[in-house]
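Take a look at the structure below.
Protein chains: 2
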Amino acid sequence: MVKRKAVVLLSGGLDSTTTLAIAKSEGFEPYALTFRYGQSHAAEVSAAREVAAAYVVAEHVVVDIDLRTFGGSALTSDDLEVPKGRSAAVLTAEVNEVLTAEVNEVIPITYVPARNTIFLSFALAWAEVLGAEHIFIGVNALDYCGYPDCRPEYIEAFVTMANLATRAGVENSQRLQIHTPLISLSKAEIVSKGIALGVDYGMTVTCYVASPTGQGCGECDACQPRLRGFRENGLADPAEYVA
Amino acid sequence: MVKRKAVVLLSGGLDSTTTLAIAKSEGFEPYALTFRYGQSHAAEVSAAREVAAAYVVAEHVVVDIDLRTFGGSALTSDDLEVPKGRSAAVLTAEVNEVLTAEVNEVIPITYVPARNTIFLSFALAWAEVLGAEHIFIGVNALDYCGYPDCRPEYIEAFVTMANLATRAGVENSQRLQIHTPLISLSKAEIVSKGIALGVDYGMTVTCYVASPTGQGCGECDACQPRLRGFRENGLADPAEYVA
Numbered sequence: 137m138v139k140r141k142a143v144v145l146l147s148g149g150l151d152s153t154t155t156l157a158i159a160k161s162e163g164f165e166p167y168a169l170t171f172r173y174g175q176s177h178a179a180e181v182s183a184a185r186e187v188a189a190a191y192v193v194a195e196h197v198v199v200d201i202d203l204r205t206f207g208g209s210a211l212t213s214d215d216l217e218v219p220k221g222r223s224a225a226v227l228t229a230e231v232n233e234v235l236t237a238e239v240n241e242v243i244p245i246t247y248v249p250a251r252n253t254i255f256l257s258f259a260l261a262w263a264e265v266l267g268a269e270h271i272f273i274g275v276n277a278l279d280y281c282g283y284p285d286c287r288p289e290y291i292e293a294f295v296t297m298a299n300l301a302t303r304a305g306v307e308n309s310q311r312l313q314i315h316t317p318l319i320s321l322s323k324a325e326i327v328s329k330g331i332a333l334g335v336d337y338g339m340t341v342t343c344y345v346a347s348p349t350g351q352g353c354g355e356c357d358a359c360q361p362r363l364r365g366f367r368e369n370g371l372a373d374p375a376e377y378v379a
Numbered sequence: 137m138v139k140r141k142a143v144v145l146l147s148g149g150l151d152s153t154t155t156l157a158i159a160k161s162e163g164f165e166p167y168a169l170t171f172r173y174g175q176s177h178a179a180e181v182s183a184a185r186e187v188a189a190a191y192v193v194a195e196h197v198v199v200d201i202d203l204r205t206f207g208g209s210a211l212t213s214d215d216l217e218v219p220k221g222r223s224a225a226v227l228t229a230e231v232n233e234v235l236t237a238e239v240n241e242v243i244p245i246t247y248v249p250a251r252n253t254i255f256l257s258f259a260l261a262w263a264e265v266l267g268a269e270h271i272f273i274g275v276n277a278l279d280y281c282g283y284p285d286c287r288p289e290y291i292e293a294f295v296t297m298a299n300l301a302t303r304a305g306v307e308n309s310q311r312l313q314i315h316t317p318l319i320s321l322s323k324a325e326i327v328s329k330g331i332a333l334g335v336d337y338g339m340t341v342t343c344y345v346a347s348p349t350g351q352g353c354g355e356c357d358a359c360q361p362r363l364r365g366f367r368e369n370g371l372a373d374p375a376e377y378v379a
């Protein structure tokens with residue numbers, strides 16, 4: 137039986153690595169797509185290479201795009217500072233706000249303008265060239281997210297647009313599906329699922345301000361939920377953190 | 137009165153230059169966005185710089201993205217040849233097919249997978265950073281187009297997706313509009329409109345296989361409709377062509 141090709145967006149972090157493991161466990165042939173987009177945590181890209189090799193993906197492409205050209209996010213700007221040391225209570229309050237109210241002022245400063253739209257557009261281009269009908273993305277509407285482009289209604293609208301955009305969609309020979317296996321999971325549930333699939337999270341880098349060798353700060357809005365996710369599973373995070 | 141900011145996609149060709157002239161004539165403050173995407177006709181980018189300077193845009197950004205990573209189009213691949221010397225009859229037959237049947241096998245080999253989706257995604261990112269509600273794109277559903285991502289229903293689906301993707305859309309403080317002033321015009325009508333606005337088409341480069349100094353071949357699927365557009369207006373095309 138021919139495996140179904142799938143483009144998997146792979147940042148090298150906990151979520152995208154778990155997503156790759158899920159795609160593989162569901163019998164897809166993964167084509168991993170990573171972006172070097174001027175993020176200050178470039179150790180992610182090295183992690184992505186390690187993860188792609190470990191999962192023996194059909195192909196791994198690293199695309200260079202410079203989102204710093206436009207600025208506007210603490211992840212890509214030298215002028216804005218990544219928030220650190222915010223307590224779990226603050227983060228949880230934000231999450232609750234996100235879930236109860238419309239997504240509003242709580243959209244964090246680490247949001248990169250139109251990032252997922254850009255990433256999915258490249259994934260769409262590659263999927264079309266490959267003749268792949270499947271894209272996997274590790275977006276997650278709960279937990280620390282709060283980014284508008286992580287929500288199911290956004291993903292659905294992207295699929296509608298994509299099927300009008302491409303030769304394959306128009307010819308009806310191929311209809312795009314975007315898989316978001318983590319979209320309604322908590323960080324603890326993601327960790328639990330990955331562990332069950334044998335993911336080695338020691339390879340992954342999540343921290344927004346990781347050291348060049350991939351050590352996490354343990355304090356930023358990316359590290360805190362990750363560490364909590366492991367704690368809630370009664371596990372130690374195998375990734376490295378600065379002392 | 138504060139001018140409304142607009143991101144204008146500017147390739148340096150006839151259509152996008154006319155679009156910029158229209159945006160300016162409608163009182164928008166243009167921010168020009170050009171892509172160096174591995175196209176073989178890189179003289180376009182020089183033309184875009186010249187056009188942006190002539191129109192005194194608020195800012196001109198040239199973004200490097202390498203669509204050759206994925207291949208799949210004659211415009212970005214060294215292995216596929218750009219069709220040349222196809223007669224107007226063939227081109228017209230294709231156009232009629234596009235208009236009467238669903239867009240199907242006539243989608244030309246020069247179609248770049250998901251190109252407009254990628255371009256609009258970057259425009260969206262910049263618009264969000266600028267606080268701009270307007271994007272101008274010179275897509276054209278008639279004439280030699282036949283690309284699925286030039287159709288009005290595609291553009292509408294992109295807007296729907298974009299307003300779900302961005303902080304501004306979600307906060308309802310800003311709703312994106314995509315302007316496609318050329319979408320239903322013939323090439324002759326585009327030329328006529330541009331001439332009325334005083335566009336100097338000598339600056340523009342349209343040819344798929346332009347020489348490094350911007351001379352057109354006069355024969356490809358981009359040159360032929362352009363030359364016809366001038367002829368139908370009883371005008372000579374001021375751009376340079378190889379003898």
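Residue numbers (the numbering used here), protein chains in the order written: chain X, 137 to 379; chain L, 137 to 379.
Note that the Cβ used here is the ideal one computed from N, Cα and C, for glycine as well.
What L:P166 touches in chain X, judged by beta-carbon distance under 7 Å, is nothing: the nearest beta carbon there is about 16 Å away. Residue state for L:F206 is assigned as coil, using DSSP reduced to three classes.
Taken atom to atom, the span from the alpha-carbon of X:L146 to that of L:F366 is near 48 Å. Of the candidates X:R287, X:E264 and X:A268, the residue whose Cα lies closest to the Cα of X:T253 is X:R287. DSSP places X:V199 inside the beta strand (DSSP E), whose first and last residues are E195 to D200.
DSSP, reduced to helix, strand and coil, places X:K139 outside both helices and strands of the structure shown, so it counts as coil. For L:G330 against L:P374, the beta-carbon gap comes to about 11 Å, at or over 8 Å, which does not count as contact. By the neighbour-count criterion, in which 16 or more other beta carbons inside 10 Å mark a residue as buried, L:D200 falls on the exposed side. Secondary structure at X:R311: coil, using DSSP grouped into helix, strand and coil. Annotation: X:D336 to L:L312 spans about 42 Å, alpha carbon to alpha carbon.
In the displayed model, L:L318 falls within coil according to three-state DSSP, outside both helix and strand. At least one CB of chain X lies nearer than 8 Å to the CB of L:T205. For the C-beta of L:I254, the chain X residues within less than 9 Å are, from N- to C-terminus, I254, S257, F258, L260 and A261. The Cβ-Cβ distance between L:F272 and L:H315 falls below 8 Å. If you compare the alpha carbons of X:G370, X:A188, X:I326 and X:G350 with that of X:D151, the shortest gap goes to X:I326.
One alpha carbon belongs to L:A142, the other to L:V345, and they sit about 30 Å apart. Secondary structure of X:C356 (DSSP, three-state): strand. If you look at L:I291, you'll find it in the alpha helix (DSSP H) that goes P288 to A301. In the DSSP assignment, X:I273 falls outside any alpha helix (DSSP H) and carries neither an H nor an E.
Residues of chain X with a Cβ closer than 7 Å to the Cβ of L:I319 do not exist, since the nearest Cβ in that chain sits about 14 Å away. The criterion of a C-beta distance shorter than 8 Å is not satisfied by X:F171 and X:K139. Interface criterion met: the Cβ of L:A250 is under 8 Å from a Cβ in chain X. At least one CB of chain X lies nearer than 8 Å to the CB of L:I201. As the crow flies, the alpha-carbon of X:S347 is around 20 Å from that of X:D202. Near chain L, meaning a CB-to-CB distance below 7 Å, the residues of the segment 263-278 of chain X are E264 and V265. Take the alpha-carbon of L:E162 and the one of L:L156: they are about 10 Å apart. Judged by DSSP in its simplified three-state form, X:P284 adopts helix.
The C-alpha of X:F294 lies about 46 Å from the C-alpha of L:A379. Closest in C-alpha terms to X:A268, from the list L:F206, L:T296 and L:V341, comes L:F206. Sequence-distant partners of X:D285 (beyond 5 residues in either direction) whose C-beta falls short of 8 Å from its own C-beta, in its chain, are A250, R251, N252, T253 and V275.
In this chain, the beta strand (DSSP E) harbouring X:T170 covers F164 to R172. The continuous alpha helix (DSSP H) containing L:T155 extends over residues L150 to S161. By the Cβ neighbour-count rule, X:V181 is buried, with 16 or more other Cβ atoms within 10 Å of its own.
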